[in-house]
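Just so it is clear: in the sequence shown, position 215 is 215 by the UniProt record's numbering, and no numbers are missing.
Note that beta-carbon positions come from the ideal geometry of N, C-alpha and C, so glycine has one too.
Quick notes on the structure that follows.
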Amino acid sequence: MRSAAGWDVVRPPTPNRVAGVSMAGFRGRATGPVDVRVVPHPAVTLVLEFGHGPLIVDATTGRQQRGNLVAGFMHDAVRVRGENIECLQVRLSPVVAHTVLGASLAELDHVMVTLDDLWGQDAARIRQRLGDATSWQDRFASVEALLACRVETGPSVDREVAWVWDRIIASRGQARVDELAAEIEWSRKRLWSRFRAQIGLSPKRAARLVRFDHAAHRLAANEDAAGVAADSGYVDQSHLHRDVLAFSGVTPATVAGETWLAVDDIAWTTPGVA
């Protein structure tokens with residue numbers, strides 16, 4: 001277990017056996033309440049809360065959610081706060097999220113909903129299991145088993161859509177979407193329609209979010225903004241500035257010091273979900 005920004009963080013001992021899934025456990029430290037900003041990330045997020053909490057998430061729209069949550073692709077930062085928090089966070093590639101959630105990701109774009117709304121009694125059962133478990137290893141195993149079961153029975157995305165998403169991730173958001181459409185022999189219109197319906201974003205928006213995520217982590221590693229802009233596919237430093245401001249609400253200099261990015265590098269092996 002490692003600590004950062006008010007959290008004790010623990011990772012599973014082995015990679016998840018469900019492709020496109022990663023997990024981490026979080027416990028608010030006894031030194032005081034947690035209050036951090038979380039910047040957008042190219043994944044669908046499940047927050048499975050089982051402590052005395054509650055964990056509270058405030059969106060910039062003024063809407064507030066608490067407890068077990070599903071967060072679709074967020075386009076601006078949210079505030080996470082609370083005391084005595086214990087939760088297990090799951091990051092889902094949208095390719096597997098479509099299957100696991102059994103819901104249209106397009107309807108979750110820029111939206112947080114309670115897991116009860118999507119899973120019904122399954123949400124209550126997994127919260128009970130997490131609360132009863134005596135170790136993080138048992139909690140990770142319970143969630144992994146549930147996700148594996150849902151993958152077996154849920155709807156799958158088109159093979160072509162999954163391939164395009166993988167190429168966007170591999171290129172760190174720099175792949176040209178028109179060229180990807182040509183490679184799978186789809187029209188631009190067909191790719192936009194199918195990708196948006198199954199992934200939840202347009203291909204261009206997805207690429208932009210992946211590119212921002214990569215750049216934000218490099219800025220947090222104290223890399224020079226001009227060099228990050230050039231290497232990340234931005235036209236110039238001003239272009240990077242505009243994108244960072246649009247997604248996070250702050251400048252590149254400020255986002256580099258966001259405490260959640262320090263937690264991110266502890267909780268997850270690498271930025272992004274493949």
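Note that the C-beta distance between E144 and R242 is not below 8 angstroms. DSSP places V18 in the coil class of the three-state scheme, outside both helix and strand. Nearest in C-alpha terms to L55, of all of R79, V39, P40 and A43, is R79. Put simply, the backbone Cα of A133 is about 45 angstroms away from that of D224. Distance from the CA atom of G227 to the CA atom of A77, rounded to whole angstroms, is 24 angstroms.
L48 is bridged by DSSP to L88. Nearest in C-alpha terms to L245, of all of L209, D264, V96 and W163, is L209.
For I168, the enclosing alpha helix (DSSP H) covers residues R159 to A170. In the DSSP annotation of this structure, the continuous segment of the alpha helix (DSSP H) that includes D178 starts and ends at V177 to E183. Residue pairing by DSSP places R66 opposite I56 in a beta bridge. The alpha carbon of D264 has as its nearest neighbour, out of A19, V39 and P12, the alpha carbon of V39. Using a 10 angstroms sphere on the CB of D213, the tally of other CB atoms reaches 16 or more, which defines it as buried. Our two residues, D109 and N222, have alpha carbons roughly 31 angstroms apart in a direct line.
Taking each of G82, L147, W119 and V161 in turn and checking the Cα distance to I184, the smallest one comes out for V161.
A contact between stretches requires three or more CB pairs, one per stretch, nearer than 8 angstroms, and the stretch 191-200 meets this requirement with the stretch 152-166. For the pair A175 and R188, the CB atoms are not nearer than the 8 angstroms cut-off. Residue V151 holds the alpha-carbon nearest to the alpha-carbon of L92 among A262, R129, V151 and A229. In the DSSP assignment, the residues bridged to R37 are R79. Cβ neighbours of A97 within its own chain (closer than 7 angstroms, five residues either side excluded): V44 and L105.
Taking C-alpha positions only, A253 is separated from D236 by approximately 16 angstroms.
In the displayed model, W7 falls within a strand according to three-state DSSP.
DSSP places T114 in the uninterrupted beta strand (DSSP E) bounded by M112 to T114. Shown here for L88: same chain residues with a beta carbon closer than 7 angstroms to its own, the five before and five after excluded, namely M23, G25, L48, L130, R139 and V143 in chain order. Between N68 and G28, the C-beta spacing is not below 8 angstroms. Put simply, of F247, I266, A256 and A262 the residue whose alpha carbon is nearest the alpha carbon of M74 is F247. Annotation: the continuous alpha helix (DSSP H) that includes F247 extends over Q237 to S248. Around the beta carbon of T14, fewer than 16 other beta carbons sit within 10 angstroms, so the residue counts as exposed.
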